[in-house]
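Peer 1: Residue numbers (our numbering): 190 to 731. Virtual Cβ for every residue (Gly too), placed ideally from N, Cα, C. Before I ask anything, let me first share the structure, which is written out below as structure tokens.
Structure, rendered in structure tokens:
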């Protein structure tokens, strides 16, 4: 079914007749709306600037809750391609799929949206048939076309078919032809802007609009961490790999990362301490409550049992929580992370045997924590890698890696609860930036990211994260950042840079500038709202 049904159509017509002067925009993505964050943010920003906004794409994942309730946002779901097409060879399924997409998109843009939108913003890729249809409808309805370049569609196709394949060459020509002219072009990196300006001679206004997370992304408090892991309790208990790995915990009073500690006056209060144990916990620690030397006063006893004083705190014996979000596709080599975790496990065992003394003259003394890696996302290679992970971690004592599918509201909370993010995005074109890193930075989470040509526009080594080229480098970075966890100075330094940049909340030097500015300028952060208002408002609010 296309659109929201008869009631939604009648509401659209009624609103357009009662508000004939309201400006409008159509935002199109030929993909799952709920898994297209940048496109959803565009729609919300248009609506917040009083545009009647039509968001068009496939269903599947739930979109942002704010979009479902915003009165100026109208969501139009496209017909899904027939299931049998997935079982056919690509050369047979592709033409049928394209024809079905053409009909569905034209129906929404011309029939369902009765009043011509002032702007049509289209996400690229996918390029075929989206770019050609957007160009045709924009001319037919006198709309201004904005192409939002996330990546190059033909480069993604080349991952499957190879750069010399005829389909890839045709796709590249299609993308260059129908993507050349527009009212405005948006790019996720300066590298992509400069490349397409030179190679395809783009016509129209050209602006870099960096990905940024929405305003509600933030570093989580101990209370939020506690509530999330209480919610995830069932999912974690169902993971066989986690049996006898996590610290002992009992909901609702404790989780693998937190526990509720009674707070009493310091002169008579309990003292929390961590004792080393050879069998459990992180090094592994055991949390105990030491008996105070003085008998607590009645007032202190009341305070100790008062629920207001039982606030969650992070456990000193918690595992280091690493998060990686992946689409499980060919452009992310998950094997790099597995090899790095295997190396980390060996180093952790070496340090555990050596105790707090240095393992060798080249290494500073200290212990490594247990590591829990949570991987989010779904994709075609998930089954292959998860089977490989299960075999590997049978021999691991210090590392566990599990996959979880989270509700949309829980994803930023997980990022805000984690200690370190891992990004394996390699970019099919080497010209786009991973949105997952943007989300992590928005939640105050430092990142270790795979190095590729333009990653420096986002990840600054030693400032907000580290970049690596192979598994050995990643393993070394994990050891450096997690040594003496949770009191690791290098990790705290990265986190403090993120925190201070968030506090400044102003446009960064290289975002305010044109191509001539160095990407090595002091890294600062902006929100999506600030970025969109700076770049898009001059384009659409004339």
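1) Beta-carbon within less than 7 Å of residue 655's beta-carbon, same chain only, minus the 5 sequence neighbours each way: which residues are those?
2) Taking only the alpha-carbon atoms, compute the straight-line gap between residue 628 and residue 430 and give it to the nearest angstrom.
3) Would you call the CB atoms of residue 374 and residue 349 closer than 7 Å?
4) Starting from residue 335 and walking both ways along the beta strand (DSSP E), at which residues does that stretch end?
5) Pick helix, strand or coil for residue 235, following the three-state DSSP scheme.
6) Give, in chain order, every unbroken run of the alpha helix (DSSP H) that is at least 4 residues long and sits entirely within the region 594-678.
7) Tell me whether the beta-carbon of residue 750 lies closer than 7 Å to the beta-carbon of residue 219.
8) List the whole-angstrom C-beta distance separating residue 502 from residue 450, where the pair is believed to meet the contact cut-off of C-beta under 8 Å.
9) Nearest to residue 635 by alpha carbon, out of 677, 687, 619?
10) In angstroms, rounded to a whole number, what distance separates the CA positions of residue 640 and residue 381?
11) Which same chain residues, not among the five before or five after residue 417, have their C-beta less than 8 Å away from its C-beta?
12) Out of curiosity, what's the CA-to-CA distance linking residue 298 and residue 645?
13) In the DSSP output, what is residue 266 paired with across the bridge?
14) Assuming residue 284 is part of the alpha helix (DSSP H), what are its boundary residues?
15) When DSSP labels each residue in this structure, what does residue 449 get in the three-state scheme?
16) Using the beta-carbon count (16 or more within 10 Å), is residue 625 buried or exposed?
17) So, are the CB atoms of residue 530 and residue 563 less than 7 Å apart?
18) Leaving aside the five residues before and after residue 618 along the sequence, list all residues of the same chain whose C-beta is less than 6 Å from its C-beta, in chain order.
19) Taking the continuous beta strand (DSSP E) assigned at residue 734, which residues delimit it?
20) From the DSSP output, in three-state form, read off residue 698 for me.
21) Could you please give me the residues that DSSP links to residue 308 through a beta bridge?
22) Within its chain, find whatever has a CB closer than 7 Å to the CB of residue 521; leave out the 5 residues flanking it on each side and keep chain order.
23) Applying the criterion that 16 or more other CB atoms from any shown protein chain within 10 Å of the CB defines a buried residue, is residue 682 buried or exposed?
24) Tell me whether residue 556 sits in a helix, a strand or coil according to DSSP, three-state version.
25) What residues are listed by DSSP as bridge partners for residue 420?
26) Going by the CB atoms, is the gap between residue 319 and residue 311 shorter than 7 Å?
27) I need the DSSP call for residue 322, collapsed to helix, strand or coil.
28) Please go through the same chain and pick out, in chain order, the residues whose beta-carbon is closer than 7 Å to the beta-carbon of residue 577, but skip the five residues on each side of it.
29) Mind reading off the beta-carbon distance from residue 558 to residue 671? Whole number of angstroms is fine, and I expect it under 8 Å.
Peer 2: In short, the structure shows the following:
1) 637, 666
2) 28 Å
3) no
4) 333-338
5) helix
6) 599-606, 624-631, 660-671
7) Here the chain comprises residues numbered 190 to 731, so residue 750 is not present and cannot be evaluated.
8) 5 Å
9) 687
10) 17 Å
11) 409, 599, 602, 603, 606
12) 38 Å
13) 246
14) 279-295
15) strand
16) buried
17) no
18) 340, 341, 344
19) The structure shown does not extend to residue 734, since the chain is modelled only from 190 to 731, so the question has no answer here.
20) The predicted position of residue 698 is uncertain, since its pLDDT is 42 and thus under 50; a value taken from the coordinates is nonetheless stated next. If DSSP states are grouped into helix, strand and coil, residue 698 belongs with the helices.
21) 214, 333
22) 515, 613, 614, 615
23) exposed
24) coil
25) For residue 420, which the question treats as bridged, DSSP gives no partner whatsoever.
26) yes
27) helix
28) 527
29) 6 Å
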